Amino acid sequence: MAQEQTITMTTSKAVGEQVTLKVNHTFDGVTVDWGGGTTTTYNTGDEKLRTMTGTLQGQTIKLTGSKYITTLICSGQQITSLDVSNATYLQSIYAQNNELTAIDVKGLTKLKDLNVSGNKLSGRIDLRNTTVPALETLDISDNELTNIANSTVLNLTGSHANLQYLRAARNKFSRAYLNAFSKLDYADVSGIGLTNVSVKTSSYAADALTVLNAADNNLTTVDVSNCTLMSDLFLNNNSINELDVTALTKLKNVSVAGNEMTSMLQNSTNLMFYDISGNRLYFRALPKTTARPKYMVVGPQLPFIIVDENGNRITNVQVCPNYDERSNTDYIMNLANYRYDGNGRAQSTLTILDISENEEGAPLVAYNTSTGEGDYVLTTGKYVFFTNHERCILRLTHSLGYFADYNFVSAPFAIGSELTGISQATADVEKSERILVEPSAGSVVITSLTGTQPVNIFDAGGRKVWGGTVEKSITVKLPNGIYVVNGKKVLL
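Using the UniProt record's numbering, you'd call the opening residue of the sequence shown number 1 and step up by one each time.
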């Protein structure tokens with residue numbers, strides 16, 4: 001047989017069990033040794049794929065055919081090793097859902113399709129462009145990989161000008177450099193612990209990317225502004241604070257749920273699915289009235305964070321001593337930006353509620369110049385307050401279009417006094433000095449300064465909401481509010 005090729009594999013199936021393999025149709029057929037030293041020739045039928053089912057006589061299977069064998073399918077056969085070093089004409093290998101711990105494709109310069117998903121691969125796979133220059137589709141998802149060409153980085157090394165489809169989900173990479181793949185159309189790098197994903201450098205850019213799934217990672221920033229052809233973007237369940245995809249006007253499906261984002265800017269008029277739930281967003285993040293998608297998930301939203309013009313969080317506002325001082329900038333709380341909706345119009349309604357007594361809150365009263373009484377004056381989104389309030393929130397509502405279906409509330413802030421919400425709290429000084437307490441939006445990080453420390457957390461009503469011990473450092477997720485941690489008052 002001219003230009004003979006040989007493929008050898010082992011399986012964990014027991015002798016007597018059946019194994020099914022498939023190759024592309026060839027006129028000269030293929031022979032298989034099912035582990036007993038004798039061969040069976042398969043050369044009947046004219047289907048595009050030739051199916052070969054045999055009964056195992058040993059755990060090592062040997063397949064022999066001509067150079068015209070270009071496709072191998074051995075998926076779901078409990079394959080534990082696969083040697084294709086003598087099958088250099090192979091263009092497609094489908095070996096998913098097996099028990100492979102390694103695979104070597106060096107020398108397969110014609111290989112276009114490789115699917116080894118759902119195996120037990122770990123360590124290093126050599127997929128350099130000099131090794132597999134023709135590679136177009138690659139699926140290595142659902143393995144235990146930490147290395148491809150270099151440590152903890154999904155970087156196939158080299159330009160890989162032909163790679164169009166990549167699935168690497170649910171592995172153990174920390175970074176993904178996709179910028180060198182100029183023809184890459186689809187990339188799924190979800191659930192692999194990424195802290196960085198790059199689609200552009202000064203030398204390369206993945207401008208052809210239309211689908212990116214980087215959900216369920218540890219990303220804090222993502223820049224896909226160069227991917228102007230992108231239609232599908234999935235970044236849910238990361239730690240992204242702000243996202244600007246206004247350059248991606250072809251977006252159809254977007255999910256950024258569960259990031260606690262404070263800003264989301266997009267400009268697509270083609271949206272079909274849009275999920276921004278589990279963030280700290282408000283009307284500005286919603287699509288234009290004329291671009292409302294058929295499927296949209298907005299809530300629940302976490303309380304949004306009020307920030308000043310410099311991006312600093314506002315937790316306390318000074319009280320203006322009298323009406324005549326209302327123009328003094330020291331007393332102005334500028335909330336004008338919170339009036340804007342997805343249409344770019346300042347049409348949201350702002351309401352300040354005092355929630356010191358109960359969570360439903362009571363609206364503050366506008367200042368009456370005739371009586372000289374009232375809590376505030378409001379001019380185009382700028383507030384000046386005349387009365388003290390221990391705990392307030394900003395509520396945003398809307399009366400126009402589909403925006404009227406939603407309302408949003410802010411995290412608490414104080415007017416004229418420190419935000420505490422707890423009238424009395426007795427601190428255990430000795431215990432509180434043994435831990436470091438670092439509050440943030442929606443969680444508190446507690447670090448033991450010496451040994452193992454007992455920690456108790458109480459809410460503003462005196463109810464114990466968490467208790468335990470801390471040896472090093474832990475993060476406790478809590479709703480925004482006021483808490484006492486070993487006697488220390490903290491604001492989330």
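Virtual Cβ for every residue (Gly too), placed ideally from N, Cα, C. These numbers come from a predicted model, not from an experiment.
Using C-beta distances below 7 Å, list every residue in its chain close to residue i, excluding the 5 sequence neighbours before and after it, in chain order.
i, result
"Phe436", "A quick correction: the sequence has Leu, not Phe, at residue 436. So the qualifying residues of the chain are Thr447, Leu449."
"Asn343", "Lys288, Thr289"
"Thr262", "Asn241, Glu242, Arg280, Phe304, Ile305"
Using 8 Å for Cβ pairs, my map puts residue i next to residue j. What's the rounded Cβ distance?
i, j, result
"Ile352", "Cys320", "Contact doesn't hold; Cβ gap of about 14 Å is too wide."
"Lys183", "Ala214", "Going by Cβ atoms, the distance from Lys183 to Ala214 rounds to 19 Å, so no, they are not a contact pair."
"Thr475", "Thr397", "Not a contact, Cβ separation roughly 33 Å."
"Val211", "Tyr186", "5 Å"
"Gly191", "Arg170", "4 Å"
"Leu492", "Pro439", "5 Å"
"Lys67", "Gln5", "6 Å"
"Thr195", "Asn162", "Not really, about 28 Å apart at Cβ, beyond 8 Å."
Reducing DSSP to helix, strand and coil, say where residue i ends up.
i, result
"Phe304", "strand"
"Asn338", "Residue identity check: residue 338 is Tyr in the sequence provided, not Asn. Tyr338 falls in the helix class under three-state DSSP."
"Ala180", "coil"
"Asp459", "strand"
"Asp83", "strand"
"Asp324", "helix"
"Phe413", "strand"
"Gly401", "helix"
"Phe283", "helix"
"Asp290", "Correcting the residue type first, residue 290 is Thr in the shown sequence and not Asp. Looking at Thr290 - three-state DSSP - the assignment turns out to be helix."
"Thr329", "helix"
"His160", "coil"
"residue 497", "Nothing about residue 497 can be read from this structure; the chain reaches only from 1 to 492."
"Arg50", "strand"
"Asn253", "strand"
"Phe234", "strand"
"Leu350", "strand"
"Asn368", "strand"
"Trp34", "coil"
"Phe173", "coil"
"Ile192", "coil"
"Ser277", "coil"
"Asp113", "strand"
"Phe386", "coil"
"Tyr94", "strand"
"Leu492", "coil"
"Arg133", "At residue 133 the sequence reads Pro, which differs from the Arg that was named. Residue state, collapsed to three classes: coil."
"Val377", "strand"
"Phe408", "strand"
"Pro479", "coil"
Please classify residue i as buried or exposed, where buried requires at least 16 other C-beta atoms within 10 Å of its C-beta.
i, result
"Glu390", "buried"
"Tyr323", "exposed"
"Leu265", "exposed"
"Gly258", "buried"
"Val445", "exposed"
"Val222", "buried"
"Leu168", "In the sequence under discussion, the amino acid at residue 168 is Ala, which differs from the Leu named in the question. Classification of Ala168: buried, given that the 10 Å Cβ count is 16 or more."
"Phe27", "exposed"
"Thr269", "exposed"
"Gln77", "buried"
"Asp330", "exposed"
"Ala95", "buried"
"Arg284", "buried"
"Val15", "exposed"
"Glu325", "exposed"
"Asp180", "First, the amino acid is wrong: residue 180 is Ala here, not Asp. Looking at its Cβ environment, which holds 16 or more other Cβ atoms inside 10 Å, Ala180 is buried."
"Ala414", "buried"
"Thr380", "exposed"
"Thr246", "exposed"
"Asn310", "exposed"
Excluding the 5 residues preceding and the 5 following residue i in the sequence, name in chain order all residues of the same chain whose CB lies nearer than 6 Å to its CB.
i, result
"Phe234", "Asn213, Ala215, Ser255"
"Leu21", "Met52, Cys74"
"Asn43", "Gly29"
"Ala404", "His398"
Quick one: what's got a C-beta closer than 8 Å to residue i's C-beta in the same chain, skipping five residues either side?
i, result
"Lys464", "Asn456, Ile457, Phe458"
"Met272", "Lys252, Asn253, Pro293, Lys294, Tyr295"
"Gln91", "Thr70, Thr71, Lys110, Leu111, Lys112, Asp113, Ala134"
"Lys382", "Ile332, Met333, Asn334, Leu335, Ala336"
For residue i, would you say it is in contact with chain B, using Cβ-to-Cβ distances shorter than 9 Å as the test?
i, result
"Thr452", "Although the question refers to chain B, the structure presented lacks it and comprises just one protein chain."
Counting Cβ pairs closer than 8 Å, one from the region 287-304 and one from the region 358-377, do we hit at least three?
Cβ pair count under 8 Å is below three, so no.
So, does the region 11-19 touch the region 54-66, judging by three or more C-beta pairs under 8 Å?
Yes: at least three Cβ pairs fall under 8 Å.
Would you check if the region 270-287 and the region 399-418 touch, i.e. whether three or more CB-CB distances between them fall below 8 Å?
Yes: at least three Cβ pairs fall under 8 Å.
Just checking, does the region 43-52 make contact with the region 77-86 on the three C-beta pairs under 8 Å criterion?
Per the Cβ contact rule, the region 43-52 is not in contact with the region 77-86 (fewer than 3 Cβ pairs under 8 Å).
Specify whether the region 104-111 and the region 31-38 touch according to this definition: at least 3 beta carbon pairs, one from each stretch, less than 8 Å apart.
By the C-beta criterion, the region 104-111 is judged not to be in contact with the region 31-38, since fewer than 3 inter-stretch pairs fall below 8 Å.
Assess contact between the region 112-124 and the region 134-147, defined as three or more Cβ pairs (one per stretch) separated by less than 8 Å. Is contact present?
Counting Cβ pairs under 8 Å, three or more are found: they touch.
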